[in-house]
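All residue numbers for the sequence shown refer to our numbering, where the first residue is 542 and numbers rise by one. What follows is one structure encoded as structure tokens, with my remarks underneath.
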Amino acid sequence: MTELPDSRSAASGARVRETGTLVRETGGFVLRCDHGGKLALLLGRTPVDQVEKRVVLTGRLLECGTLEVEAIADAAQVRGG
């Protein structure tokens with residue numbers, strides 16, 4: 542399986558994989574990325590069990606710099622997370 546890039550090295554529209562802490566902010570959720578960045582998230586569901594926890598996200602990077610999340614998992618349960 543091909544390793545997905547993180548958002549720092551990906552073009553808009555690319556699938557990416559990010560690891561960091563899921564944080565609730567006014568108006569939605571963001572990922573405080575392990576690499577130091579912050580990424581706004583577009584989520585299909587409210588991740589109540591993962592807020593303020595370290596997670597691994599996969600999704601598509603939108604032009605506005607938002608990550609459209611396809612999957613979310615606890616980082617402790619993901620190999621390489």
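The beta carbon of each residue, even a glycine, is placed where N, CA and C say it ideally should be.
Is it right to say residue i is buried, meaning 16 or more other beta carbons lie within 10 angstroms of its own, or is it exposed?
i, result
"Leu582", "buried"
"Gly569", "exposed"
"Ser548", "buried"
"Leu545", "exposed"
"Val596", "buried"
"Val592", "exposed"
"Thr561", "Sequence check: residue 561 is Gly here, not Thr. Gly561 should be labelled buried."
"Gly577", "exposed"
Distance, Cα to Cα, residue i vs residue j?
i, j, result
"Gly585", "Val610", "7 Å"
"Gly606", "Leu580", "7 Å"
"Ala502", "Leu598", "Nothing can be reported for residue 502, as the shown portion of the chain is limited to 542 through 622."
"Leu608", "Arg573", "12 Å"
"Met542", "Arg558", "Any reading at Met542 must be qualified, since the residue scores a pLDDT of 47, below 50, and its modelled position is unreliable; the value itself is stated next. Computed Cα separation, rounded: 13 Å."
"Arg556", "Leu602", "6 Å"
"Leu614", "Arg620", "One detail in the question is off: residue 614 reads as Ala in this sequence, not Leu. Approximately 11 Å, taken between the alpha carbons."
"Pro588", "Val571", "11 Å"
Tell me which residue opens and which closes the beta strand (DSSP E) that residue i is part of.
i, result
"Val571", "569 to 574"
"Thr562", "556 to 566"
"Glu611", "608 to 615"
"Val597", "595 to 602"
"Ala552", "Ala552 -> no beta strand (DSSP E), and no H or E assigned at all."
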